[in-house]
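In our numbering, the protein residues as written are 8 to 217.
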Ligand SMILES: C[S@@+](CC[C@H](N)C(=O)[O-])C[C@H]1O[C@@H](n2cnc3c(N)ncnc32)[C@H](O)[C@@H]1O
């Protein structure tokens with residue numbers, strides 16, 4: 008990994024290698040983006056998991072929640088997916104910058120960037136996604152009800168959700184994964200790395216809930 012600081016713009020660029028692709032990810036350090044202006048460990052663990060498992064997203068309609076820099080969603084596009092990257096509206100300029108820097112023009116039609124505030128905007132989105140991605144999005148208990156509401160709306164009974172969370176570092180994450188999510192979703196840990204777990208999650212059918 009190498010790092011370049013473009014101080015006048017407060018942009019910081021780092022390189023990451025996954026699945027034979029070099030990703031140049033820029034964070035907008037001077038733009039008051041808070042937690043969005045970092046590439047977080049759970050995102051890197053999820054990218055490495057896609058590499059190790061030789062993921063191919065070709066033909067898959069994918070939605071990413073809380074994209075931040077876009078690193079996970081961008082890799083999913085480079086691995087063939089038709090991907091909608093979402094976050095709070097003020098984060099989209101950072102994602103779009105990274106999309107422009109990393110996704111060749113010939114694949115750009117498979118990449119979309121849209122605002123999705125959990126618990127508020129989900130009804131603007133369709134419900135036919137094959138895959139939902141979320142890395143390090145389980146960290147703020149006040150956001151959990153909106154996140155569950157969003158997942159319930161955007162998932163159909165075949166949608167597979169991959170959530171990558173650091174249970175050691177994030178207060179409330181363990182409670183979310185062990186108590187809150189299982190009320191309406193089936194969830195299994197499919198990979199661990201240090202304190203990080205990747206969960207494969209599906210929505211329970213009404214039959215499962217009895
Ligand atoms: C810790 S960052 C993780 C970013 C990226 N997924 C990664 O792994 O590097 C959490 C992201 O979730 C987004 N987020 C948090 N609460 C949200 C909400 N209520 N609605 C939409 N996005 C939210 C933040 O804006 C931020 O970009």
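Note that CB positions come from ideal geometry on N, CA and C, so glycine has one too. Only a predicted model underlies this, so the values are computations on that prediction, with no experimental measurement involved.
Range covered by the beta strand (DSSP E) that runs through residue i
i, result
"residue 121", "118-122"
"residue 168", "167-173"
"residue 33", "28-35"
"residue 20", "18-25"
"residue 178", "Neither: residue 178 is in no beta strand (DSSP E) and is coded neither H nor E."
"residue 94", "89-94"
Helix, strand or coil at residue i according to DSSP, with G and I counted as helix
i, result
"residue 132", "coil"
"residue 102", "helix"
"residue 74", "coil"
"residue 45", "coil"
"residue 147", "coil"
"residue 138", "strand"
"residue 201", "coil"
"residue 109", "helix"
"residue 67", "coil"
"residue 39", "coil"
"residue 157", "helix"
"residue 190", "helix"
Close-in-space but distant-in-sequence residues of the same chain around residue i (CB under 7 Å, 5 per side omitted)
i, result
"residue 8", "Here residue 8 scores only 49 on pLDDT, less than 50, and its place in the model should not be relied on; the value that follows carries that caveat. Answer for residue 8: 21, 22, 23, listed in chain order."
"residue 129", "123, 156, 157, 160, 161"
"residue 176", "202"
"residue 86", "26, 57, 62, 63, 64"
"residue 104", "33"
"residue 15", "Legend: pLDDT at residue 15 = 44, less than 50; position of this residue unreliable, value from coordinates given subsequently. Excluding sequence neighbours, residue 15 sits near nothing in its chain."
Residue i - containing alpha helix (DSSP H), residue span
i, result
"residue 81", "78-85"
"residue 56", "48-59"
Beta-carbon contacts of residue i that lie in its chain and below 6 Å, excluding the five residues immediately before and after
i, result
"residue 181", "174"
"residue 168", "139, 208"
"residue 195", "207"
"residue 28", "85"
Neighbourhood of residue i by C-beta, 8 Å cutoff - its chain only, sequence neighbours within 5 removed
i, result
"residue 153", "124, 125, 126, 127"
"residue 164", "209, 210, 212"
"residue 178", "146, 148"
"residue 53", "79, 140, 142, 169, 171, 205"
"residue 45", "34, 75, 76"
Exercise. Per the contact definition of three or more C-beta pairs closer than 8 Å, is the segment 74-86 in contact with the segment 96-105?
Worked result: yes
For this session: Could you tell me whether the segment 103-115 touches the segment 134-145, where touching means 3 or more Cβ pairs closer than 8 Å?
Result: no
Exercise. Does the pairing of the segment 76-85 with the segment 199-206 give three or more beta-carbon distances under 8 Å?
Worked result: no
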